[in-house]
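Chemist: In the numbering used here, the protein residues as written are 21 to 349.
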């Protein structure tokens, strides 16, 4: 704010509490009331400075206020830098599920400064690395290997520093996501190919359900994605799509991201019920994004995944290792 004002910009700030549970209709109303109170006009600019929650809420506010005003994303978390700030998806949550009220609204620019990552607590870094692994798994074996090599060599679980190597990796992840969005901006319902925007939802069907059943109080979004990747890997393996070596590589990549919250007390039936409210449901069925091999996603109709198989996969992941050094209490 000081910098903007020093350069003669007329600026006003609106702050929101931290956390996914505040990405709500109530918060949206507060943001819109703020814009109205400042006599915000269509040639004014909404600047979203923060992580994914801030970007989603600010972006949706910009999408609907005066039927659309300019938006610039300034993501400050790893997850938002490589994922949520790119692509134009904006939304808020409902009690029934995540991102159920939203709009597509492309930012005029996305400005990334990796030095902001040095201010993040460890869990935010873990969340970002899980999202990075997700993207690498569906992009290519080359990007996956580069990502895993960075996680292993940088010792990110014990000591983190923003580096030029990380900046280059973030650029590659942004380029991959932008290439998908450019070819399928609004996630066409009838597309199921590997360039469909749907593939970006890999790991997110389970992740959104985990967040919903815990009222957004247990998991950072990326942490839930970490579990979602493990479940998707199990399903892919059990359906005969993914071979053992690639599933083990997936699991090792998630492990390298850092510790995840303990989830063995969660009920698989509750999670399955929450999955039914996923925004991607069509005709009451969920299309899952799974893996044929690293770098080759496949969209699988929900009717091909039995409740028994889903339950088994959920239980296998939720009841996995709970060592303190690997998982938060």
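All C-beta atoms in this analysis are idealised placements derived from N, C-alpha and C, irrespective of residue type, glycine included.
A quick note: this is a predicted structure, and the numbers were derived from the prediction, not measured.
1. With DSSP as the reference, label residue 345 as helix, strand or coil.
2. Taking the C-alpha atoms as reference points, what is the distance between residue 111 and residue 314?
3. Let's test the definition: count the other Cβ atoms within 10 Å of the Cβ of residue 243 and tell me whether it reaches 16, buried, or not, exposed.
4. For residue 226, report the span of its alpha helix (DSSP H) as first-last.
5. Output the residue ranges of the alpha helix (DSSP H) runs that lie fully inside the segment 218 to 293 and measure 4 residues or longer, sorted by chain position.
6. Give the single residue among 100, 264 and 275 whose Cα lies nearest to the Cα of residue 133.
7. So who's on the other strand from residue 63, going by DSSP bridges?
8. Distance, Cα to Cα, residue 26 vs residue 89?
9. Are the segment 180 to 192 and the segment 274 to 288 touching by the rule of at least three beta carbon pairs closer than 8 Å?
10. Give the range of the alpha helix (DSSP H) segment to which residue 317 is assigned.
11. Please confirm if the segment 92 to 99 is in contact with the segment 122 to 140, defined as three or more CB-CB distances below 8 Å between the two stretches.
12. On the CB-based measure, 16 or more other CB atoms within 10 Å of its CB, does residue 35 come out buried or exposed?
13. Quick one, which of 130, 56 and 219 has its alpha-carbon nearest residue 317's?
14. Please check the pair residue 149 and residue 278, which I expect to be a contact at CB under 8 Å, by giving their CB distance rounded to whole angstroms.
15. By Cβ distance, which residues of its chain are closer than 7 Å to residue 153, with the 5 residues on each side in sequence left out?
16. Would you check if the distance between the CB atom of residue 85 and the CB atom of residue 55 is smaller than 8 Å?
17. Quickly, what does DSSP pair residue 113 with across the bridge? List them, please.
18. Would a C-beta distance cut-off of 8 Å place residue 47 and residue 75 closer than the cut-off?
19. Could you give the distance in angstroms between the alpha-carbon of residue 57 and the alpha-carbon of residue 64?
20. Restricting to Cα atoms, I'd like to know which of 217, 322 and 190 is closest to residue 295.
21. Going by C-alpha distance, which of 198, 144, 251 and 38 is nearest residue 224?
22. If you reduce the DSSP assignment to three classes, tell me which class residue 126 lands in.
23. Can you tell me which residues form a DSSP beta bridge with residue 305?
24. When burial is assigned at 16 or more other CB atoms within 10 Å of the CB, is residue 339 buried or exposed?
25. Between residue 143 and residue 240, how many whole angstroms is the CB-CB distance? I'm expecting something under 8 Å.
26. Who are the near neighbours of residue 72 in its chain, counting only those whose CB is closer than 6 Å to its CB and skipping five residues on each side?
27. Tell me where the beta strand (DSSP E) around residue 91 begins and ends.
28. Rounded to whole angstroms, what is the Cα-Cα separation between residue 175 and residue 199?
Modeler: This is what the structure holds:
1. Any reading at residue 345 must be qualified, since the residue scores a pLDDT of 45, below 50, and its modelled position is unreliable; no value is offered.
2. Separation of residue 111 and residue 314 (C-alpha to C-alpha, rounded to the nearest whole angstrom) is 30 Å.
3. Counting Cβ neighbours within 10 Å, residue 243 comes out buried, since at least 16 surround it.
4. It spans 224 to 233 - the alpha helix (DSSP H) in which residue 226 sits, taken as one unbroken run.
5. Within the segment 218 to 293, complete alpha helix (DSSP H) segments of at least 4 residues are found at 224 to 233, 241 to 258 and 264 to 277, given in chain order.
6. When the alpha-carbon of residue 133 is set against those of 100, 264 and 275, the nearest one is in 100.
7. Assignment of beta-bridge partners to residue 63 by DSSP yields no partner.
8. Each residue's Cα considered, the two are about 24 Å apart.
9. Between the segment 180 to 192 and the segment 274 to 288, the count of C-beta pairs closer than 8 Å stays below three; the two stretches do not touch.
10. Not the alpha helix (DSSP H): residue 317 falls in the beta strand (DSSP E), residues 316 to 320.
11. Counting Cβ pairs under 8 Å, three or more are found: they touch.
12. Looking at its Cβ environment, which holds fewer than 16 other Cβ atoms inside 10 Å, residue 35 is exposed.
13. It is 219.
14. Residue 149 to residue 278, Cβ: 7 Å. Contact.
15. Taken in chain order, the residues that qualify are 167, 249, 273, 274 and 277.
16. The Cβ atoms of residue 85 and residue 55 sit closer than 8 Å to each other.
17. DSSP, once it has assigned bridges, lists 44 as partnering residue 113.
18. If you check the CB distance, residue 47 and residue 75 do not come in under 8 Å.
19. Rounded to whole angstroms, residue 57 and residue 64 show a C-alpha spacing of 14 Å.
20. The option with the nearest alpha carbon to residue 295 is 322.
21. Per the Cα distances, 251.
22. Secondary structure at residue 126: coil, using DSSP grouped into helix, strand and coil.
23. For residue 305, which the question treats as bridged, DSSP gives the partners 302.
24. Exposed, since its Cβ has fewer than 16 Cβ neighbours within 10 Å.
25. Correct: roughly 6 Å between the Cβ atoms.
26. Excluding sequence neighbours, residue 72 sits near 99, 100 and 104.
27. Counting along the chain, the beta strand (DSSP E) containing residue 91 begins and ends at 91 to 95.
28. One C-alpha to the other measures close to 30 Å.
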